[in-house]
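Worksheet for the structure shown next.
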Amino acid sequence: MGKNNKLFGEEKIGKLLLKFSIPIIISFLVSELYNMVDTLFVGRNVGGYGIGGLVLVFPIQRIIIALGLMIAVGSSTAFSRANGENNFEGSRKVVKNGFSFCCLLMVSITAIVFIFSEKILIGLGASEQILPYAKEYLDIIIFGSTFLTLTTFISNIMIAVGNNKVSIISTSIGAIVNIILDYILIVEFKMGVKGAAIATAVSQVIGFIYAYYNYSKIKKEYKIPSGFEIDKKIIVPIVLVGLSAFIVESEDGFLMAVRNHLLVSTAGDTGIVVLGVISKVYMFLFITMFGIASAMQPIAAFNVGAKNYKRLKTVMQKTTIYAFITSLIMWIGSMIFAPQLISIFVKEPDIIAESVKAFRIVVSVLPIASIYYVSIFYFQALGKAKTSIFLSISKQLILTIPVSIILVKVFNLGAMGVWLGYPISDLLASIGSYMLIREEGHELNMKIEKANANAKAKGTVPFASN
């Protein structure tokens, strides 16, 4: 693992961020294609109720993906930190326990969701018109969830050992298979929502096969033991560090369920369809900032373990700048071409018009939100689970839900209240994140000064920042 240590500890930070963020961004992009492609084909071949069915299943998909991401992020962060401390035996145990826990959790959840699928969907606000589509989709795609989350776990570990190709290739294979099968099953065989679900599940299995094939090679190279092992001393820290990643990912699903209820009571099924359409475009705009922040995480975690605080500070500064610039570019493009982006998914002029208006409100302060998401990944890398968890829940659960409910129920703004909830919570959460980052920066400066003083006293050269 010495080559990987030199990479994270000595390589120029800008080059490192570029090297690892590009494949992660592409991986996120391809991952989003799974559900987006289903929505595109269903919207154009089944209609609005079909999209409504997919929207209702979205919270469940998000929560399942979030659980896998929690284990993946927690494991890869612990793995990188252990490597920075030269604790290679500990890093091997992290991977073994993380993979075992991921398998156990996902198989259990798959069984529960399949058995109670109809009750869950009704609880999420499914109407009589949308429920059949939602249940048909959920009962099939749930069986691909275990493979998708294991692929996520493997991808994060591979990135942590310096392999940034497996993630993009495995998700790309899955997405390509999904597109081909969607066309065959939905367009040619007229299988509708059922065809979309089969395409998604099969593509996730195929993507996992490729990822695991490469993962097995890494296991041999780094002597990672096989078998099943659940050690609470290892699992609990993994969960605590990864919990904020779970909240960030799952709260979108939870919040989607709340928004579904608010829109059903004010705008009916049309509101749900609009929400489904704009959410697909909306999620794509966050991919670059997520990718850059994710690339920063193993670099920062390694330098925390190595106590190279000067380099850690530079990592955070450059990550924040890059995330803001890329999100600004994405924001400008989306505001200009909103009608064209929305019309990819639906053909009805009235839905397109409503969706464009809602979308522009929803993303109005997007670039500012980059500091919020970068700060979450940064505190994860530092191992400050409480801070990252607080940040994770602050935007969606503490701010967005109450703000949306007040705007809809108290001020009677209807669907407009739901849309305004996005930028208001983005702005408030970003201000809070900036304050916490600034405070952390003061502590980091003190550590840097102390390290420089110690190095000067010993007559050694302080760490470089690059």
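What the sequence shown shows, in my numbering, is residues 8 to 473, in sequence order. For each residue, glycine too, the CB sits at the ideal point set by N, CA and C.
Residue i and residue j closer than 8 angstroms at C-beta
{"i": "methionine 77", "j": "valine 243", "result": "no"}
{"i": "serine 377", "j": "methionine 296", "result": "yes"}
{"i": "threonine 326", "j": "leucine 24", "result": "yes"}
{"i": "glycine 214", "j": "serine 251", "result": "no"}
{"i": "tyrosine 316", "j": "alanine 458", "result": "yes"}
{"i": "threonine 394", "j": "glycine 428", "result": "no"}
{"i": "alanine 167", "j": "phenylalanine 253", "result": "no"}
{"i": "threonine 7", "j": "leucine 63", "result": "Lying before the first or after the last residue shown, residue 7 is absent from the chain, which here runs from 8 to 473."}
{"i": "serine 257", "j": "arginine 69", "result": "yes"}
{"i": "alanine 313", "j": "phenylalanine 384", "result": "no"}
{"i": "phenylalanine 123", "j": "methionine 263", "result": "no"}
{"i": "valine 288", "j": "glycine 390", "result": "no"}
{"i": "valine 44", "j": "asparagine 185", "result": "yes"}
{"i": "methionine 290", "j": "alanine 307", "result": "no"}
{"i": "isoleucine 193", "j": "alanine 203", "result": "yes"}
{"i": "glycine 298", "j": "phenylalanine 35", "result": "yes"}
{"i": "phenylalanine 196", "j": "phenylalanine 160", "result": "no"}
{"i": "leucine 74", "j": "leucine 112", "result": "yes"}
{"i": "serine 162", "j": "valine 37", "result": "no"}
{"i": "tryptophan 426", "j": "isoleucine 368", "result": "yes"}
{"i": "asparagine 419", "j": "isoleucine 237", "result": "no"}
{"i": "phenylalanine 48", "j": "aspartate 189", "result": "yes"}
{"i": "alanine 274", "j": "glycine 421", "result": "yes"}
Closest by C-alpha distance to residue i, when choosing among the options
{"i": "proline 430", "options": "Gln387, Ser411 and Lys416", "result": "Ser411"}
{"i": "lysine 172", "options": "Asn185, Val184 and Thr158", "result": "Thr158"}
{"i": "isoleucine 67", "options": "Tyr56, Ile149 and Lys364", "result": "Ile149"}
{"i": "tyrosine 56", "options": "Phe15, Ser286, Pro139 and Asn94", "result": "Pro139"}
{"i": "glutamine 403", "options": "Tyr222, Gly260 and Ser28", "result": "Gly260"}
{"i": "valine 284", "options": "Lys126, Lys240, Ile408 and Ser362", "result": "Ser362"}
{"i": "alanine 436", "options": "Gly275, Gly278 and Val255", "result": "Val255"}
{"i": "valine 281", "options": "Val322, Ala365 and Phe235", "result": "Ala365"}
{"i": "isoleucine 33", "options": "Ala89, Ala182 and Lys463", "result": "Ala182"}
{"i": "methionine 423", "options": "Ile294, Trp338, Ser272 and Ala388", "result": "Ser272"}
{"i": "phenylalanine 235", "options": "Phe108, His268, Ile241 and Phe123", "result": "Phe108"}
{"i": "aspartate 433", "options": "Ile383, Val415, Ser371 and Phe386", "result": "Ser371"}
{"i": "serine 83", "options": "Gly130, Gly169 and Leu188", "result": "Gly169"}
{"i": "glycine 50", "options": "Asn163, Ile359, Ile225 and Glu446", "result": "Ile359"}
{"i": "leucine 373", "options": "Phe293, Gly199 and Tyr229", "result": "Phe293"}
{"i": "threonine 153", "options": "Ile186, Ile116, Phe386 and Gly130", "result": "Ile116"}
{"i": "valine 415", "options": "Lys224, Glu125 and Leu270", "result": "Leu270"}
{"i": "isoleucine 482", "options": "Ser382, Ala79, Ser350 and Gly278", "result": "Any property of residue 482 remains undetermined from this structure, which presents the chain solely from 8 to 473."}
{"i": "leucine 155", "options": "Ala208, Ala133 and Gly130", "result": "Ala208"}
{"i": "lysine 240", "options": "Phe331, Lys100 and Ser179", "result": "Lys100"}
{"i": "leucine 40", "options": "Phe121, Tyr229 and Ile187", "result": "Ile187"}
{"i": "isoleucine 400", "options": "Ile413, Tyr380 and Arg445", "result": "Tyr380"}
{"i": "isoleucine 29", "options": "Arg445, Val265, Ala330 and Lys227", "result": "Ala330"}
{"i": "glutamine 387", "options": "His449, Ala79 and Ile72", "result": "Ala79"}
Buried or exposed (CB count within 10 angstroms, at least 16 for buried), residue i
{"i": "valine 417", "result": "exposed"}
{"i": "asparagine 310", "result": "buried"}
{"i": "glycine 9", "result": "Because glycine 9 sits at a pLDDT of 49, beneath the cut-off of 50, its placement in the model cannot be relied upon, and the following sentence gives the value as read from the coordinates. Its Cβ having fewer than 16 others within 10 Å, glycine 9 is exposed."}
{"i": "asparagine 452", "result": "exposed"}
{"i": "isoleucine 20", "result": "buried"}
{"i": "aspartate 357", "result": "exposed"}
{"i": "tyrosine 220", "result": "exposed"}
{"i": "valine 114", "result": "exposed"}
{"i": "phenylalanine 27", "result": "buried"}
{"i": "methionine 442", "result": "exposed"}
{"i": "glutamate 456", "result": "exposed"}
{"i": "glycine 342", "result": "According to the sequence as given, residue 342 is methionine; it is not glycine. With fewer than 16 Cβ atoms within 10 Å of its Cβ, methionine 342 is classed as exposed."}
{"i": "alanine 460", "result": "exposed"}
{"i": "valine 200", "result": "buried"}
{"i": "asparagine 93", "result": "exposed"}
{"i": "glycine 340", "result": "exposed"}
{"i": "valine 353", "result": "buried"}
{"i": "asparagine 90", "result": "buried"}
{"i": "glutamate 96", "result": "exposed"}
{"i": "alanine 464", "result": "exposed"}
{"i": "proline 232", "result": "exposed"}
{"i": "alanine 462", "result": "exposed"}
{"i": "glutamine 347", "result": "exposed"}
{"i": "alanine 345", "result": "buried"}
{"i": "serine 223", "result": "exposed"}
{"i": "alanine 118", "result": "exposed"}
{"i": "proline 409", "result": "exposed"}
{"i": "isoleucine 438", "result": "exposed"}
{"i": "glutamate 17", "result": "exposed"}
Inter-residue CB distance, residue i and residue j (contact presumed, cutoff 8 angstroms)
{"i": "isoleucine 205", "j": "isoleucine 147", "result": "6 angstroms"}
{"i": "isoleucine 164", "j": "valine 102", "result": "6 angstroms"}
{"i": "glycine 59", "j": "isoleucine 137", "result": "4 angstroms"}
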